[in-house]
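Below you'll find the structure, written out as structure tokens, and then a few comments.
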Amino acid sequence: MTTTPHEAASTGAADRPLNLAEYFLLLDLDERGGRLLLDGSTSGLALAGAVLADLAGRGHLTVTRDEVLVEPASGSAVEGLERPLAQVLGIIADHGREHPPRDAEQWINRFSRSELREALLQSLESRGIIEHTEGKVLGLFRRERYPEADPNPELDLRARIGEVLYGSAPADAVTWPLISLLRSTRLLHVVFPDRHTADLRALSTTPVGEGSTRDSVAEALQATQNAIAEYLVATTGGASALD
Numbered sequence: 039m040t041t042t043p044h045e046a047a048s049t050g051a052a053d054r055p056l057n058l059a060e061y062f063l064l065l066d067l068d069e070r071g072g073r074l075l076l077d078g079s080t081s082g083l084a085l086a087g088a089v090l091a092d093l094a095g096r097g098h099l100t101v102t103r104d105e106v107l108v109e110p111a112s113g114s115a116v117e118g119l120e121r122p123l124a125q126v127l128g129i130i131a132d133h134g135r136e137h138p139p140r141d142a143e144q145w146i147n148r149f150s151r152s153e154l155r156e157a158l159l160q161s162l163e164s165r166g167i168i169e170h171t172e173g174k175v176l177g178l179f180r181r182e183r184y185p186e187a188d189p190n191p192e193l194d195l196r197a198r199i200g201e202v203l204y205g206s207a208p209a210d211a212v213t214w215p216l217i218s219l220l221r222s223t224r225l226l227h228v229v230f231p232d233r234h235t236a237d238l239r240a241l242s243t244t245p246v247g248e249g250s251t252r253d254s255v256a257e258a259l260q261a262t263q264n265a266i267a268e269y270l271v272a273t274t275g276g277a278s279a280l281d
């Protein structure tokens, strides 16, 4: 039987570090009201890109400008990989056995649907970081919210990113991709409103890591930026991350 991303999220280990997609989703949630700060489409593209970048950073994927390939050694590692990341890796691997490779932007668009976000929300909820509430608007329309139950993971993350923004610490394998995703989604100046927009526009973080792994993460992040820019052009007429 096929496992959906939502069902699969519950299989992740509760004591592992958060992955890039979970970290980004925390920043995308209004901690009090529990609603998304971004529109659903932009959020979905960013989360899909975060998953690809995370898998690339762990050595499961090689990402180039033209294709995404599953590393041969990743097959045995899937069992220990949290879901829905394991499911995403499996889908890419299954596709590669019968079809030509797709590029990163194609996969990002494929995985940007709400099922991935729902699985990540369930993962954060199962760890006690957020809670799920439901209500109705005007007594008719269902409304779901995910306010924070434990603020410490987000507070720690904001502190780490803030140190990079203020120049007191170098970017690392977590903060570099997240800052890139925050810039691409126009969320950086929302999460850090005390930083002047011009300063954030000029901010540059050096890619972190070694060789092909670093390059694969960078390609995944660039593909995410491209996918979001194309969506913004189509819907708002502007693609600049900080305009």
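For what it's worth, the working numbering labels the leading residue of the sequence shown as 39, then goes sequentially. Beta carbons are placed, not taken as given, at the ideal position from N, Cα and C, and that holds for glycine. Small disclaimer: the values here were computed from a predicted structure and weren't measured.
In this structure, what does DSSP give as the bridge partners for T171?
The sequence position of residue 171 within the sequence shown is 133, counting from 1. Looking at the DSSP assignment, T171 forms a beta bridge with R183.
I believe L58 touches D66 by the beta-carbon criterion, under 8 Å. Please report the beta-carbon distance rounded to the nearest angstrom.
Position 20 of the sequence shown, counted from the start, is the residue given in the question as residue 58. Position 28 of the sequence shown, counted from the start, is the residue given in the question as residue 66. 12 Å between Cβ atoms; not a contact.
Roughly how many angstroms separate the alpha carbons of T251 and S152, rounded to a whole number?
Counted from its first residue, the sequence shown places residue 251 at position 213. Counted from its first residue, the sequence shown places residue 152 at position 114. Cα to Cα, the separation comes out at about 28 Å.
Pull up the CB-CB distance for A211 and V246, whole angstroms please, since I reckon it's below 8 Å.
Position 173 of the sequence shown, counting from 1, holds the residue named residue 211. Position 208 of the sequence shown, counting from 1, holds the residue named residue 246. With a Cβ gap of about 5 Å, A211 and V246 count as contacting.
I'd like the list of long-range same chain contacts for E201, defined as Cβ closer than 7 Å, with 5 residues on each side in sequence excluded.
On the sequence shown, residue 201 is found 163 positions in, with the first residue counted as 1. Closer than 7 Å at the Cβ level, and outside the excluded window around E201, lie A207.
What residue from L56, R54, R73, R96 has the CA that sits closest to E248's CA?
Taking the first residue of the sequence shown as position 1, residue 248 is located at position 210. The shortest C-alpha separation from E248 is found at R96.
Going along the chain, which residues of its own chain have a beta-carbon closer than 6 Å to the beta-carbon of L64, five neighbours each way excluded?
Position 26 of the sequence shown, counted from the first residue, corresponds to residue 64. Cβ neighbours of L64 beyond the five flanking positions: E192.
CA-CA distance, H170 and E120?
The sequence position of residue 170 within the sequence shown is 132, counting from 1. The sequence position of residue 120 within the sequence shown is 82, counting from 1. Going from the Cα of H170 to the Cα of E120 covers about 21 Å.
Count the other C-beta atoms from every protein chain shown that fall within 10 angstroms of the C-beta of E136, then say buried if there are 16 or more, exposed otherwise.
Residue numbering aside, residue 136 sits at position 98 when the sequence shown is read from its first letter. So E136 counts as exposed.
Can you name the start and end residues of the beta strand (DSSP E) that L107 belongs to?
For this step, residue 107 is matched to residue 69 along the sequence shown. Here the beta strand (DSSP E) through L107 covers 106-108.
Taking only three categories from DSSP, how would you classify V101?
Here residue 101 corresponds to residue number 63 of the sequence shown, with the count starting at 1. The answer is strand: DSSP assigns V101 an E or B state.
Secondary structure at L75, three-state DSSP: helix, strand or coil?
Looking up residue 75 in the sequence shown gives position 37. Coil at L75, not helix or strand.
Looking at A142: is its Cβ nearer than 7 Å to the Cβ of V89?
Translated into positions along the sequence shown, residue 142 becomes position 104. Translated into positions along the sequence shown, residue 89 becomes position 51. Contact: no.
Is the CB-CB distance between E257 and V101 below 7 Å?
Indexing the sequence shown from 1 puts residue 257 at position 219. Indexing the sequence shown from 1 puts residue 101 at position 63. Yes, the Cβ-Cβ distance between E257 and V101 is below 7 Å.
Please state the DSSP three-state secondary structure of L193.
Within the sequence shown, the letter at position 155 stands for residue 193. L193: helix per DSSP, three-state reduction.
So the candidates are P110, A157, D104; which of them puts its Cα closest to the Cα of P138?
Within the sequence shown, the letter at position 100 stands for residue 138. Selected option, being the one with the closest Cα: D104.
Say the cut is 6 Å; is the CB of N190 nearer than that to a heavy atom of the ligand HEM?
What this structure holds is no ligand at all, so the ligand HEM is not there to describe.
D132, enclosing alpha helix (DSSP H) - first and last residue
Taking the sequence shown and counting its residues from 1, one reaches residue 132 at position 94. Start and end: 123-136.
Kindly give me the distance between the Cβ atoms of I167 and D188, rounded to whole angstroms, as I take these residues to be in contact under 8 Å.
What you label residue 167 is simply residue 129 of the sequence shown in a count that begins at 1. What you label residue 188 is simply residue 150 of the sequence shown in a count that begins at 1. With 8 Å as the limit, I167 and D188 qualify as a contact, their Cβ atoms being about 5 Å apart.
In the DSSP output, which residue or residues are listed as bridge partners for L67?
Residue numbering aside, residue 67 sits at position 29 when the sequence shown is read from its first letter. BP columns for L67 point to L74.
For R233 and E69, what's the separation of their Cα atoms in angstroms?
Here residue 233 is taken as the residue at index 195 of the sequence shown, counted from 1. Here residue 69 is taken as the residue at index 31 of the sequence shown, counted from 1. Straight-line Cα distance between these residues: approximately 20 Å.
Which of helix, strand or coil DSSP assigns to L211
In the sequence shown, residue 211 corresponds to position 173, counting from 1. Checking the displayed sequence, the identity of residue 211 turns out to be Ala instead of Leu. Note: A211 maps to coil in three-state DSSP.
Quick check on DSSP: helix, strand or coil for Y204?
The count along the sequence shown starts at 1 and reaches residue 204 at position 166. Reduced to three states, the DSSP call for Y204 is coil.
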